Amino acid sequence: MSNGQQKAQENVQRLTTWITERNIQKDFGEYERQGKVNRQALCAELDFSRSVVNQNPTVRALIEEAESLWYGAKEQDKKAHEAARERSEKRVAKTNMEVSRLMDELARVKAENSELRARLRKYAAMEQVMQQTGMLPR
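For any residue, its number in the numbering used here is found by taking its place in the sequence shown, counting from 1, and adding 1158.
See the structure below:
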């Protein structure tokens, strides 16, 4: 093996050990940055350059696997919450439309009621005059 290959294997071994430690200690949340492992903190802690993460496919695959294990559920939760929020907003909009429709109907019924009460007063007055005079008022 050449020196570069040995170094790559050492980096893979250090990363594997680091991931195992994070799983045991359950402190992987400290290394999260926007739903992914903070590459800068990882490289500083494991003492290798950023290019190792970008150029070594084994290291990259291990990190992506750890990210999906650690932070993948959060992404699913976020999507579920967004879907629930959208459903809730649709339900609120539908309810608001129904309330608006009912308020319009209530206003219409109140206006009709007011008109009918006015007619009733008119006919009650006419009835009273007829009872007193026996004639229909003009």
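Ideal Cβ positions, reconstructed from N, Cα and C, are used throughout, including at glycine. None of the values given here were measured: they were computed from a predicted structure.
- Of the residues Gly1187, Glu1270, Lys1165 and Ala1238, the one whose Cα lies closest to the Cα of Gln1213 is Lys1165.
- Straight through space, the alpha carbons of Glu1188 and Ala1219 are spaced by roughly 20 Å.
- A buried status is given to Ala1224, since no fewer than 16 other beta-carbon atoms sit within 10 Å of its beta-carbon.
- Exposed is the label assigned to Val1250, since fewer than 16 other Cβ atoms lie within 10 Å of its Cβ.
- Boundaries for Glu1188: no alpha helix (DSSP H) harbours it, and the DSSP string shows neither H nor E there.
- One alpha carbon belongs to Leu1200, the other to Ser1246, and they sit about 40 Å apart.
- Beyond the five residues adjoining it in sequence on each side, Glu1190 comes within less than 8 Å, by CB distance, of Asn1196, Trp1228 and Tyr1229 in the same chain, given in chain order.
- Ranked by how close their Cα comes to the Cα of Ala1202, the residues Arg1172, Pro1215, Leu1278 and Met1255 have Arg1172 in first place.
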